[in-house]
Structures are given as C-alpha cells and as structure tokens.
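Report on the structure given below.
Protein chains in written order, with my numbering: chain A, 316 to 833; chain B, 29 to 286.
Following this line, the structure appears as structure tokens:
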C-alpha cells in the first residue's frame, strides 16, 4: 500500500540565519547551514543582499592595484561635506572623481587610517604616522604644519576617537597610554586641559594593550586585546575613574568597533561581542553575538593578516564585519536577537566589499577595488552575484526513518529573470541534486515612460513576452520541483544568480514519503 | 764807729737776741692716715690696703657657683651665636619625621584609591597628575613649608632663648660678687666712723699745738715790741738832742763843738 505524501512546510527558511555551531540534525529548521550573500529582509525572510553600484567614474587610477581601505565622510557646521578615502598609500577625496589630497612631502606607508570628525575638522590617525587634520578652509595638513611645531611621536597613534569634547588617541610605540587633547582643540595635546592616562596598571588580568577606544553611555571604553576598561566621568578626564572592567573579552581590531545606538559592538578573539552585554554579564558566553558561527569566525580571525572593516547601518539594521583579504563579510542582523541572544548572521562571499562608510544621509558607501561604491541595487559592480541558501539537515521529526523527497515547492519572491537552482541531498552529502528554473520577468511599467519593457525582455526560456501581464507588483514564483533519492537526513538548498533584482525565500514546501525505520 | 757800737750794745739787752734766735716749738702732726681693714662674710673676704686698694676673695663655694654660672653663660652665648641653619634643618627633619608616617598613610590610601579607579597613570597639563594627587602634593608642600617656617621660628626662638639664658647666667655669675660687695657697705661705714674719729683727734691735736705755737710766738712778738718801743724812745730822744742847734745858723749844736 502506497504511503501518503507528507507535506512538510519550511516557513521562512533560514530566517534565523546561519548556524554552524549546533548539530545540523538537532537544529531548528529556521536556521540555515549556508546563507551566502543573504540578509534577513524586512519581512523576516532570507533574501539576497543588495549589491554595489560604483560611484567612481574617474580617478580610479589612483588606486592602482589596491582597493579602498577606508572611507570617511567629513562634514562641518557650515554644511561642507567631503568624502575621504584611503588607498594605495594615498588619501583621496571625492566619490565620482577621486582626487589625491595627501599633504606634500608626506608619504603614508599604509592605509589603515582612523578618521574622525571633531569640531568642524577631520582628524586622520594611523599607527606610526604623523596625524593629519583637515578643515574646509586649509585642507589636509599634518599636525606639525597646523600647530607650527614638531608633532611628538607619542601622537603617532593608531586609534583615535572624538568624545566628550576632546580627541583621544593611543597607539604607536606606546599601547598603554591614552592621550586626550585640550578641550575642543583636537591638535593640542600639550597645555590647557590636555593629559594622558597610562592604563598599564589598570588591566583586570595584569596586562594587556590598548587596541580601540569608544565612548558610550558617558563612559570611555578602552578595549584591550583580551580585556576592557570602562572609565566614568570622562567629561572631566583628570577626574575620570574606572567604573568597570571586563576580563577575558577584548577587541582585536579597532575597525570592528561600531556604535549601534544602545550598545557598542566589537570583534573579540572569540567572536562579535557587545560592550553593554559584556559589562552586564561579565563575559559570560551568552553575550557572544556571533555564537552561531563562533568556531568559523574564530578560525577566520586566527588567519587574519590584514585589518578587518565594519559598519553599522541603521537603515539596513545590520552590522557588517568584513575580512577584505578573504573577500568575506558577515552580516549581523540587528533587528532582533535569537533565543541564545546571538544575532542572526549571514555571510557574504566573493563580494567586492573592502571598506564601508555610513553617511549621514543614510547611504552606505562601499570601498571596492574599483573605487567608491554605494550599497544599493542588486548587482556587484554590474556583475551578478550568487545567493545561496542551504537548510540544516532536516529529519522531519524522526531521524531514524528513511525519507524520500518527492517534490519541492519553494516560494520565491522577486528575482526577475533569475536562474534559480533548487538543490537537495541526503545524509550530509555535498553532492546535491539540482534542478534549475527561471523566474519570470516583471518590470514595472510607468505611465508615459519612453521605453516600454513589454515585448522586449526575454524570459528565461528565451521567449518574448507578447502579452501584458498584470500582477500585484512583485513577482512570486512557486515552481514545483520533482525530486528523487532518499535518506534519513535531507538538505535543501536554493541558489540564484542575483543580477539587478531582489530575491527572497518565503517558504519551501516539501512533499516527502516517510519510509521504514533504518 | 766803735763807740756807737758800744753805745748800742750797751743799750740792747742780751735777751733781745733770744727773741729771734730761740726756735718756736715744733708741732707734732697726728697720724690720721687710712687704716686698712678687712671685711669677712659668708660670700667671702674683702681686704683693703693702705694705698686704698681693695681685694675681693669669694668664698670657694661661691666662687665655684659663680664660675659655673659664668661658664654656663659662655656656653649659652656660644650656642646663641651659632648659625641657625643646621638647627633649622634638624628641627625640620624632626617635624617631617613626625609628619611622614601620616603622609605616607595618606599617600598609600590615595595610591590605592587611584589604583582602584585605574587612575595611577593619569598625567595632566593642569595638575601634573590627578587633582587628588595635586591636592596631596600641595598638602605635602604646605606641610613642608609650614615645617620649614616652624623650624626657622623654633631655631630663632631657641637662639633667643640661648642668648637670654646667657645673660641670665652671666648675671647670676656675678651674684656672689654682688653679695660680697653688699657686705662691704656696712664695713665701709664703720671704717668711716673710725676714720672720722681719727681725723678729728688729729685735728684737735694739731689745733692745740698750733695754739701753743701761736702763744709762744705772741710772747716773743711782745718782747720784741717792748724792746722796740724802748729803743725807739731812746733813739728818738737822742736824735732830738742831736738835731737841736744854733737857731740862727741852723747848725747842730754839736757841730759847734767841733
């Protein structure tokens, strides 16, 4: 007697992001084993990320073979705005046209600048480099030129922040002493109310070195490599006092520190952490925001030879952590946390993202190999990119029984003209069965638009639309995929080439026969 | 002229010569010279000599006391004249030694508080370190200044005290001598009384002798005057006789003889 097909619905598959930590067969099916080039969209679905539109049209020769390492938006009270970028041991300005503004007779030997705005000026700090200062009237100058004196070498720091009316810097040959400027004078580190604090005696576990600084909740947060110091009353630096310390958790790269309004995120040697939780929980494992990819992330961190890059985008509700040398970005969705208090995370691979800058106007600038781009559209520098979703191992509630998947019926939103590959496999095999299908083409037609889309866009089958089709505005595809094979653990994947249109995965309906007990 | 001499000699008695040749009685001057005397008392002895000199001899115990006080006065005077710098330093060090334990406790507490607050490494252009460290340093500096000023004042006060003691000791070293001198005054009065009696007796004696001398002198003067009158009358009568003469020629009568 034939067994009835069981309909198993994977609603919003992967909306909890990637989980490579838990056993695949024990996982919630809302996790994903792979979620490449994906985000969690506004409806909680796993969806393709946006791409990069290159803004730079000229001046890219300044990059040579290098990429944009840092991007920074300067603005002052007078409304002047300037975009600075660092690449190829140069400092450039502009987006469409990149113009070198490196001061004459000043030769940077690296591009890992920390650029901060402070009191109508932008300050550039990089390890073992004389700091620079920019204002709209006088342009980019060295501290020595601006002050008319020789800049002391202790200011050749790697980290700087503008907080509490002062500029704070640390680094260079001394990773224990933090210097603060005179009030509102970012170039003055002598006289006035300037000063310094050596924190070598304050580390909770004896020793550490300052990696990054942050200001949050009226605290000056000093990140060591494996510990954190929080000083209160930093508005009056001479009187600021240690308010809290965290041992065992530190920051390994100052570029990873991002304010997200209510907290400060940073990359530690054990994953992404938040300062608020680290202080609250005193480094309990639960505060690990990247818990679901912990091992994977640690392995990457241990391989790093170049600085990481990060950005917090409130418009996109994500925190991006990029490893430029690996062309890999982790996207932490900040709209909410999971039961284990980790953020939902997806992974962007083979992406052109090298650096970021969140602008005041909400735009997210992206540093690429070709210049400055913007996080928008659905292609990477006019090239398509591949969206991949793979489910964890699905047991349908009983891992001991044989499953024969007969049909897969994914619901895909958007993805005009995309070629979608539906994949399935059994028992953790990486040799998947694949069936491709094309998503229909649906481009909005605007009244009185000069060039109509109708009748010109080919569908995936190569035919030409000859009739107008009317939909709700967003194309929805629900193909039925006949599948084969059997096994006790089923893995289902969706891959799609994203080339100009958004795509999200609403659900996957699985029709399977549940067989005998193995 | 021999005849005249004979006449004169016949007229003048032999005793007349005695009036001028007999010496007057001599006056014995009484001894009213200063008689040395000696004063002895508990403080010592004072001896006078005929020339009016005075010598003092303190009693040995009094002399010892005087010497002790005098020596003490010298020692105090020596110390009073020593530069106060070293003493100021010594006093300052003692004051600081008394203050240091509390300062160290306060500094340790501050250091512990700074360490607990993670502020040991603070360095500021305004305060040097932290405001608390500046306050501590100021307090220590003020304590040092106060100690220094106190040391100076104390050293000067001690110097004044040494000088005062030197004066007092010096004054006291003369007390036995003063006591001895005090005992001299009554003796002087007694000696003066003896001296007055002696001088009065001498005066009386010499007055008596002068009176006797004057009596003898008057006697001789009387005799001389008597003889003078006699001989004056005789010679006057003789002269008148010799000068009487011729009334017409005015020639003495006796020329007419010749």
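Built from N, CA and C at the ideal position, the CB exists for glycine as well.
Whose Cβ in chain B lies nearer than 9 Å to the Cβ of residue 808(A)?
In chain order: nothing, as chain B lies at least about 51 Å away.
For residue 812(A), which residues does DSSP report across the bridge?
701(A)
How many Å lie between residue 834(A) and residue 395(A) at the Cα?
Outside the modelled stretch of chain A, which goes from 316 to 833, sits residue 834(A), for which no answer is possible.
Assuming residue 459(A) and residue 153(B) make a contact with CB atoms under 8 Å, what is their CB distance in whole Å?
Their Cβ separation, rounded to whole angstroms, is 19 Å, which puts residue 459(A) and residue 153(B) out of contact at 8 Å.
Give a yes or no on whether 7 Å exceeds the smallest Cβ distance from residue 506(A) to chain B.
yes
Closest by C-alpha distance to residue 739(A), when choosing among 792(A), 751(A), 655(A), 568(A):
751(A)
Here's the rule: buried if 16 or more other CB atoms are within 10 angstroms of the residue's CB, otherwise exposed. What is residue 356(A)?
buried
Looking at C-alpha atoms only, which residue of 254(B), 78(B), 250(B), 203(B) is the closest neighbour of residue 297(B)?
The structure shown does not extend to residue 297(B), since chain B is modelled only from 29 to 286, so the question has no answer here.
Cutoff 7 Å; reference residue 108(B); Cβ partners in own chain excluding five residues on either side:
187, 190, 191, 194
Taking the alpha carbon of residue 629(A) as the reference point, which residue from 345(A), 573(A), 659(A) has its own alpha carbon closest?
573(A)
Stretch pair the segment 802–813 of chain A + the segment 723–730 of chain A: three plus CB contacts closer than 8 Å
yes
Own chain, CB closer than 6 Å to residue 65(B), minus 5 neighbours either side, in chain order
76, 219
Using the three-state DSSP reduction, which class does residue 353(A) fall into: helix, strand or coil?
strand
According to DSSP, residues forming a beta bridge with residue 432(A)
437(A)
Proximal chain B residues relative to residue 514(A), where beta-carbon distance stays under 8 Å:
146, 149
Identify whether residue 640(A) lies in helix, strand or coil by the three-state DSSP scheme.
helix
With respect to the beta strand (DSSP E) encompassing residue 124(B), which residues constitute its N-terminal and C-terminal limits?
Premise fails: residue 124(B) lies in the alpha helix (DSSP H), 113–144, not in any beta strand (DSSP E).
In whole angstroms, what is the alpha-carbon distance linking residue 213(B) and residue 185(B)?
41 Å
CB contact below 7 Å: residue 522(A) versus chain B
no
Buried or exposed for residue 133(B), going by 16 or more other Cβ atoms inside 10 Å?
exposed
Using a 10 Å radius around the Cβ and a threshold of 16 neighbouring Cβ atoms, would you call residue 360(A) buried or exposed?
buried
Where the beta strand (DSSP E) containing residue 475(A) begins and where it ends:
474–478
Assuming residue 462(A) and residue 502(A) make a contact with CB atoms under 8 Å, what is their CB distance in whole Å?
5 Å
In chain order, what are the residue ranges of uninterrupted alpha helix (DSSP H) at least 4 long that sit wholly in the segment 570–631 of chain A?
590–596, 609–618
Tell me the DSSP secondary structure of residue 229(B) in three-state form.
helix
Spatial distance of residue 169(B) from residue 537(A) (CA atoms):
34 Å
Residue 214(B) (DSSP reduced to helix, strand or coil):
helix
Does the beta carbon of residue 136(B) sit closer than 7 Å to a beta carbon anywhere in chain A?
no
Just the chain A side, please: which residues come within less than 8 Å of residue 153(B) by C-beta, in chain order?
497, 505, 506, 507, 508, 509, 510
Cα-Cα separation, residue 118(B) to residue 514(A):
41 Å
Exposure label - residue 269(B); buried when at least 16 CB within 10 Å
exposed
Proximity to residue 479(A) [Cα-Cα], best of 427(A), 548(A), 817(A)
548(A)
What residues are listed by DSSP as bridge partners for residue 531(A)?
534(A)
Secondary structure at residue 764(A), three-state DSSP: helix, strand or coil?
No answer about residue 764(A) holds up, because its pLDDT of 47 lies below 50 and its placement is not dependable.
Cutoff 7 Å; reference residue 183(B); Cβ partners in own chain excluding five residues on either side
112, 115, 116, 119
Run of the alpha helix (DSSP H) containing residue 46(B), from where it starts to where it stops
43–49
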